[in-house]
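A quick write-up on the structure given underneath.
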Amino acid sequence: MTKLATGLLIDPVAKSVGPITIDPNMLSELYLTLGCEVVEYVQLDDHNFLYVDENGLMRDNPEPFFQIDGFAPMAGRAIVFGIDRKNGKTTSSSITISDLWGVISFPDIEFVGMQNESGVEHDPIFGDVATLSFTPVFKQKGKPS
């Protein structure tokens, strides 16, 4: 049985946000809508998350971008959905279009690359563990790095 949910489609090409109703459990439908092959789950708050192209920054000349307050810029389209905390099921978004417009921007930036950071963290079971993280680096378009 198909379970449809209404999400909010973020389109940085059109610089728009609008409703979309799809089956969020059908990966093929998500891939087609987002124009990607792999989706990444990004938790926005206790009740909402978004799906975005996991490889968006790895494409040749990744752009355009959108940014939600408190998060790094993301490349490509995305869909915001809700989540039922009792059962983990995807639901329609509880964020309104108006609320999303209050926290989203479409910055005119370029992706420079990834900054690698390594370190050591202490794990109570495994002891000292090497860590490696990658942080995306951006610059304003037309400005030197």
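Those letters in the sequence shown? Residues 3 to 147, per the numbering used here, in order. The beta-carbon is built from N, C-alpha and C at its ideal position, and this holds for glycine as well.
Item, Value
"What span of residues does the alpha helix (DSSP H) with residue 110 cover, start to end?", "Neither: residue 110 is in no alpha helix (DSSP H) and is coded neither H nor E."
"Give me the DSSP bridge partner(s) of residue 157.", "The chain is shown only over 3 to 147; residue 157 falls outside these bounds and no answer can be derived."
"Identify whether residue 93 lies in helix, strand or coil by the three-state DSSP scheme.", "strand"
"Using 8 angstroms for Cβ pairs, my map puts residue 111 next to residue 75. What's the rounded Cβ distance?", "6 angstroms"
"For residue 54, count neighbouring Cβ atoms within 10 angstroms of its own Cβ and tell me buried if that reaches 16, exposed if not.", "buried"
"If we count the other Cβ atoms within 10 Å of its Cβ and call it buried at 16 or more, is residue 63 buried or exposed?", "exposed"
"Along the chain, where does the alpha helix (DSSP H) containing residue 127 start, and where does it finish?", "First-last for residue 127: undefined, no H or E at that position."
"Whole-angstrom Cβ separation of residue 80 and residue 36, contact assumed at under 8 angstroms?", "7 angstroms"
"Provide the residue(s) that pair with residue 63 in DSSP beta bridges, ordered along the chain.", "DSSP, once it has assigned bridges, lists no residue as partnering residue 63."
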